[in-house]
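Heads up, the thing below is written out as structure tokens.
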Amino acid sequence: MAEEKEEPEKEEVKEEEPIEEPKIGIYVCHCGINIKNTVDVDAVRDYAATLPNVVLAKDYMYVCSDPGQEIIKQDIREGRVNRVIVAACSPRLHEPTFRKTCISEGLNPFFFEMANIREQCSWVWEDKATNTEKAKDIVRSTVARSNLLEPLEEKEVDVVPETLVIGGGISGMYAALDIANAGYTVHLLERLPSIGGHMLQFDKTFPTLDCAACILTPRMVDVGKHPNIDLLSYSEVEEIGGSVGNFTVKVRRKPRYIVEKDPVTGAIVCTGCGLCATACRMKKIPNEFDLGLGMRTAAYLPMPQAVPACYTIDPEKCIMLTKGKCGKATLESTGEAIKRIKSGEVTVEEVKDEIPLCVATCGPNCIDFDMKDEIVELNVGTIIVATGTDVIDPALQPEYKYGVYPNVIHGLEMERLLAPNGPTQGKVIINGKEPKDIVFIQCAGSRNKQTGYEYCSRVCCMYSIKHAHLIKERIHDANISILYQDIRAYGKAFEEFYDRIKGEGINFRRGLASEVYQRPGSDRLVVRGEDTMLGEPYELEADLVVLATGLRPSDGVEKVVRLTKLSQSADKFFLEAHPKLRPVDTAIDGIFVAGCCQGPKDIPDSVAQAKAASSASLIYLGTGKAKLEAITSEINEELCTGCRTCEALCPYDALEFDAEEKVMRVNEAICKGCGCCNGACPSGAASMRHFRDRQVYAQIEALTEALAPPS
Amino acid sequence: MEEEKGDFEPKIVGFTCNWCTYAGADLAGTSRKKYPPNIRLIRLMCSGRIDPMFVLKALLNGADGVFIGGCHPGECHYIKGNFYARRRIAALRTILKQFGLDNRVRSEWISASEGDKFARTMKEMAEEIKQLGPNPMRDKIL
Amino acid sequence: MKGTELKYEDLEGFFKGLLENNVVDALIMPHRVGNKVSYMLVRDKERIASPESVIFAPSFGVNAANVVKGWMIDNKVGIVAKPCEIRAAIELIKLKQLNEESVLLITVDCSGAFKNEDYAEHYPEIGNLVDSAKIKELEGKGISMREACAICENRLADIGDIIIARVNGKVGVAGLTDMGVEALSAVELPLEDKDLERKEEKERIVAEARKRLGELPRIDSVEALEEFLRDCILCKNCRDVCPVCYCKECFFDQPLGNPAGGDLLNLAELRGAIEVPANQLLYHLTRVYHVCTTCVACGACEDACPKGIPLTRFYPVLAQKVQEIFEYVPGKDAKEPLPFTTYEDEELEECLR
Ligand SMILES: Cc1cc2nc3c(=O)[nH]c(=O)nc-3n(C[C@H](O)[C@H](O)[C@H](O)COP(=O)(O)OP(=O)(O)OC[C@H]3O[C@@H](n4cnc5c(N)ncnc54)[C@H](O)[C@@H]3O)c2cc1C
Ligand code: SF4
Ligand code: SF4
Ligand code: SF4
Ligand code: SF4
Ligand code: SF4
Ligand code: SF4
Ligand code: FES
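As you go down the protein sequences, you meet chains L, V and U in turn.
Numbered as in our numbering, the first sequence ends at 711 without a single skipped number.
Numbered as in our numbering, the second sequence ends at 853 without a single skipped number.
Numbered as in our numbering, the third sequence ends at 1206 without a single skipped number.
Following this line, the structure appears as structure tokens:
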């Protein structure tokens, strides 16, 4: 149906003026000698002139050059042509160039087409005669298509100049800081009471052995007091709607039961003095930040450097909140008493039996047991997901006896034992004594089909080497072995670091352990395995076994996946738009990923990605506009049966079912124009602009035309 | 047609996605890989856009072969278009197989960096279809 | 499954009970008009008379699913029909052409069927219901079953909400879904654990059906296909009666699929000469692709063809091949996604080249 006449289309609801009768201009390029040498350019030009609605056909040495483009411009300007075909190189190279040429003369750029007679013709075969025939076919197919093209509109939407960053680890913080420093508002959301992420749990960082807290805490403070950063700690995302430029987000702020800021003035209320924690009756609660190795109270600050420095009362542990009673005080009596204290009616001393110990000691009187969940609604132009990682459950490899023997620990626990702000103030103590024989088992959880984590976690080799060094620093006569499959020292200065530590008398042995067991009658462990280098079995005794556990997407990632509608790769980390060229973009415009939530990586890589994601975000915020894909799908409601097949397929969830009318609708702000919907819709109700059935059909007809038998 | 098996120039219509196979074909060109000039590509944005009806249409119109190209599974520019394409093509070829038409339809996953593979596939396909002879539909009034 | 055993004549009470207790607002079920069997949509329970004499009748007219296609109603309709019809209804649920909640699917054991006109003509010999021995006997007299039924592997009721099975001179009634069990309890049937799976019988049927399928003439080349479709006049009846062809306006009724006038002239100019009204091959090959995962092999298309083209040898036979590669049985489970809406990361590569 190459010559099917355009009838005004019924599906085009907002049909403007009818499309002008095509007047096609064809420009055949010599590309110097690149095309001319193996294609008879003149013959192609003359042939093109005979095709339907072709009003002129020209050839030129370099059509893409300024004078070449000028020829086209003139023809458009003087009304000779209203559709342009350049028969030259690949549209992947110069389609954008010539579309601009058209735009500059007021011609809709989607009336431009390229016939690829260089990359796919003149360059791949030498025989001029056959090449010329092929070039003619290509031109004929392009003309058939050109005749049926429609003008398309490149739409833009306004961008709300604010960003939401989900996750307050090093990645989220850096992304937030860059955007805030550029002058835009950032909402930084962290589900825990403090930002900081895993990095705050470390003593030193490889390969430079910088003190983690020393470099991180100043940044945390910057984040905490940045005028452009709205820090939403102890909060979770509950809903995300909308699309690039204007996402609507519902955030649930969990109650801390301690007032952080004055709701009206914004002034700090809890000063972080910590008297409540000292007073709290509920003492022996394992501290999550120390992975349960240290203790905290029910009123707590997860770590001294916490930002915000506001205490939190743990609703699962505080007996006032679980049982309604603490000491003699009850919830009612406390509420009453607090009111009376605030009004100045009574002094704390006078009601001290009616209130719990924490309330009694809190100077600014900021404890409020009636605090409830609060829902905050945000409108943001872009979203950066930086939800990081958690460690793989070491118990997935029962042969290593994690959880069975207290002297089998994992890497993150080792970090806490080494950290000066940790439960042992940085002394390596296990089972109440200093270990002498220490064995590290690499790749715990990772690179393993059984555990389901087949990837390399990328940081464990280096952190174990770091641990070995830090232990040596503290226990000089420690006898340390690292059991590995391969040492992956791939990063900048990693190999040098590895080399240096090797020189410290650490014993590196190739061949992972097959099992760990306890020597009967003692707490000494035996690690058994095979040395794959020597090809012989080994048996090592240890006071401490450290499993270099790998990283996996953080807890609760499924909810983030569901809300953002982002895709995950096979390893369940977030899937980037392109593994090489768009590593922080995602399938959804305006949503970016940064840091370990996209895949295991070290701190410098996380920061680099965070800065990349913020710059990607800033393009939207800075221009204030988001361009939408012009080549989108549309649904012809008269044809659509509402079978929802296309909806199930759309990779972007761009299709919504109108339950009222029982038809699908395309959200053009989301549609990326893949055409999967069109390819699946039997009656063609879903129709991809610029690649409509009839446009493709016309090309098929044109390419098979010469195959018809002579009549 | 008077052309005999093995001794004719097959016409092959190709449907490829823009991001991988079309780009791979371009790369074959830029790296001056030579392959017989039997193929003419129709560029779509994604192999997921391919409606098997396109293939049927081309075959019934007399195309001697139909080539379908897309990104490698898992690497579709639109994430999963080629997974759907794979199901559709598999179904279509299963149908065509009954009539011995399946060997005129071939699909390959060819990435933007596989100019070589594109050229190789084109060579093989031209060869295979020469062996099959012209599409019987060429003679028909349809 | 939960169910009970009834006498044939108890079925009347059962169906009446469904209406009486407002389990359904209406029933679509077979009824008899003289020698002929057709469907009725019944709301007044008094119009149901001796259903046992007709619901098992080996007669195939329309596919009942095609009757309710697109009924997106709030009322609840019970559909009493053969397995292939209920399977089609389940596919329509997946295609959103039927509300799962607004139908109560009651599947009746099928013994294989005759075209309704054949049935009516030979009613005196065939009777109200048949068994395999009787079918053989009839075949000997030159009264043969529909080809679709001869190759049907799914004659035993094993899908839907409720199944009605013929077992040892009685009928087993059982609920397969919660909705089905609730319906049975609402009419106060004494329910107990009931196993109506009938593995061996099923195997026997499948074996027989496969054998018959193997005996069907194959359309194994393009030439054979052309020959097969030679007489097709493109009336598209086969599509209209097909329960799983569900488009509001079929592609082949649209200008692109059904060119006319100037478009045709243009095409003829391009190609020298073209077949009119159009090319049968494109229509049938496209349609078989469109129904390849959902075709329930009911044979309605063949029955409807005015030119007597034995379409069973085309549609169900080809569709089955496709269903095999997806390991998909249409109508087995309303929850199972349609094959073209899902995928596995690694699959089917062997089918591509
Ligand atoms: C034992 C160990 C030692 C390491 N040592 C080093 C080292 O020495 N040097 C180095 O370069 N790298 C090291 N790493 C790697 C380093 O931890 C990571 O590169 C870094 O933490 C990544 O930061 P992130 O912000 O992406 O993720 P994270 O640090 O995991 O931060 C993510 C943050 O997001 C929050 N979050 C998660 N989900 C949600 C949600 N749904 N809503 C709101 N907030 C959420 C979390 O609470 C957390 O605060 C080590 C890793 C481990 C496990
Ligand atoms: S596949 Fe087609 S008919 Fe079905 S819902 Fe989508 S657009 Fe409508
Ligand atoms: S073209 Fe692609 S992105 Fe757009 S609606 Fe269709 S399937 Fe979705
Ligand atoms: S196709 Fe099967 S279920 Fe349908 S009528 Fe025939 S034998 Fe019965
Ligand atoms: S019912 Fe028969 S004649 Fe009519 S279109 Fe179908 S096959 Fe052709
Ligand atoms: S194609 Fe024929 S056999 Fe298959 S479901 Fe449709 S009418 Fe029944
Ligand atoms: S043949 Fe295809 S387009 Fe026509 S009604 Fe059937 S499914 Fe729809
Ligand atoms: S973009 Fe290449 S297959 Fe989807």
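Using N, Cα and C, we set each Cβ at its ideal position, and we do this for glycine too.
Exposed or buried, which one is residue i when buried takes at least 16 other CB atoms within 10 Å?
{"i": "N365 of chain L", "result": "exposed"}
{"i": "N846 of chain V", "result": "buried"}
{"i": "Q397 of chain L", "result": "buried"}
{"i": "G32 of chain L", "result": "exposed"}
{"i": "G856 of chain U", "result": "buried"}
{"i": "Y402 of chain L", "result": "buried"}
{"i": "G980 of chain U", "result": "exposed"}
{"i": "N874 of chain U", "result": "exposed"}
{"i": "C1145 of chain U", "result": "buried"}
{"i": "Y490 of chain L", "result": "exposed"}
Can you name the start and end residues of the alpha helix (DSSP H) that residue i belongs to?
{"i": "C102 of chain L", "result": "91-104"}
{"i": "S464 of chain L", "result": "460-474"}
{"i": "H1143 of chain U", "result": "1133-1143"}
{"i": "Q305 of chain L", "result": "Segment: none, Q305 of chain L is in no alpha helix (DSSP H) and carries neither H nor E."}
{"i": "Y234 of chain L", "result": "Looking at the DSSP string, Y234 of chain L is not in any alpha helix (DSSP H), and its letter there is neither H nor E."}
{"i": "R1124 of chain U", "result": "1114-1124"}
{"i": "K627 of chain L", "result": "Run containing K627 of chain L: none in the alpha helix (DSSP H); it sits in the beta strand (DSSP E), 625-627."}
{"i": "G826 of chain V", "result": "826-843"}
{"i": "I441 of chain L", "result": "Where I441 of chain L is concerned, there is no enclosing alpha helix (DSSP H), although the beta strand (DSSP E) it sits in stretches over 437-444."}
{"i": "P883 of chain U", "result": "Where P883 of chain U is concerned, there is no enclosing alpha helix (DSSP H), although the beta strand (DSSP E) it sits in stretches over 879-886."}
Consider the C-beta atom of residue i and the heavy atoms of ligand 3; say whether any pair is separated by less than 7 Å.
{"i": "S719 of chain L", "result": "An answer regarding residue 719 of chain L cannot be provided, because it is not within the stretch 1 to 711 covered by chain L."}
The beta strand (DSSP E) that contains residue i, what's its start and end?
{"i": "E515 of chain L", "result": "513-518"}
{"i": "T163 of chain L", "result": "162-166"}
{"i": "P537 of chain L", "result": "536-542"}
{"i": "I383 of chain L", "result": "382-385"}
{"i": "D531 of chain L", "result": "525-531"}
{"i": "M1032 of chain U", "result": "That residue, M1032 of chain U, is in no beta strand (DSSP E); its alpha helix (DSSP H) goes 1031-1039."}
{"i": "E656 of chain L", "result": "655-658"}
Heavy atom of ligand 4 less than 7 Å from the Cβ of residue i, yes or no?
{"i": "N1007 of chain U", "result": "yes"}
{"i": "C728 of chain V", "result": "no"}
{"i": "F909 of chain U", "result": "no"}
Compute every distance between the C-beta of residue i and the non-hydrogen atoms of ligand 1, then say whether any falls below 7 Å.
{"i": "R552 of chain L", "result": "no"}
What I want to know is whether the C-beta of residue i ends up closer than 7 Å to one or more non-hydrogen atoms of ligand 6.
{"i": "N916 of chain U", "result": "yes"}
{"i": "Y1207 of chain U", "result": "Look at the range of chain U in this structure, 854 to 1206, and you will see that residue 1207 of chain U is not part of it."}
{"i": "C1095 of chain U", "result": "yes"}
{"i": "G1152 of chain U", "result": "yes"}
Under the criterion of a Cβ to heavy atom distance below 7 Å, does residue i qualify as lining ligand 5?
{"i": "L1087 of chain U", "result": "yes"}
For ligand 8, any of its heavy atoms closer than 7 Å to the Cβ of residue i?
{"i": "S758 of chain V", "result": "yes"}
{"i": "C782 of chain V", "result": "yes"}
Is residue i a contact residue of ligand 2, with contact defined as CB to any heavy atom under 7 Å?
{"i": "T1195 of chain U", "result": "no"}
- Stretch-stretch touch, CB-based, cutoff 8 Å, three pairs: the stretch 939-959 of chain U with the stretch 1107-1117 of chain U: no
- Validate contact between the stretch 355-370 of chain L and the stretch 245-252 of chain L using beta carbons, cut 8 Å, 3 pairs: No, they do not touch.
- Message: As a quick check of your reading: which residues have a C-beta less than 5 Å from at least one non-hydrogen atom of ligand 7, in chain order?
- Response: L:P682, L:S683, U:C1098, U:C1100, U:C1103, U:F1104, U:R1140, U:H1143
- Query: Quick check: the stretch 718-727 of chain V against the stretch 683-691 of chain L, are there 3 or more CB pairs under 8 Å?
  - Reply: no
- Three CB pairs or more closer than 8 Å across the stretch 818-833 of chain V and the stretch 732-748 of chain V: yes
- Query: Are at least three pairs of beta-carbons, each pair with one atom in the stretch 765-785 of chain V and one in the stretch 114-122 of chain L, less than 8 Å apart?
  - Reply: By the C-beta criterion, the stretch 765-785 of chain V is judged not to be in contact with the stretch 114-122 of chain L, since fewer than 3 inter-stretch pairs fall below 8 Å.
- Task: Check whether the stretch 866-883 of chain U touches the stretch 991-999 of chain U, counting contact only when three or more Cβ pairs, one atom from each stretch, lie closer than 8 Å.
- Result: no
- Just checking, does the stretch 778-790 of chain V make contact with the stretch 805-824 of chain V on the three C-beta pairs under 8 Å criterion? yes
- Item | the stretch 899-910 of chain U in contact with the stretch 925-932 of chain U per 3-pair CB rule at 8 Å | Touching, no.
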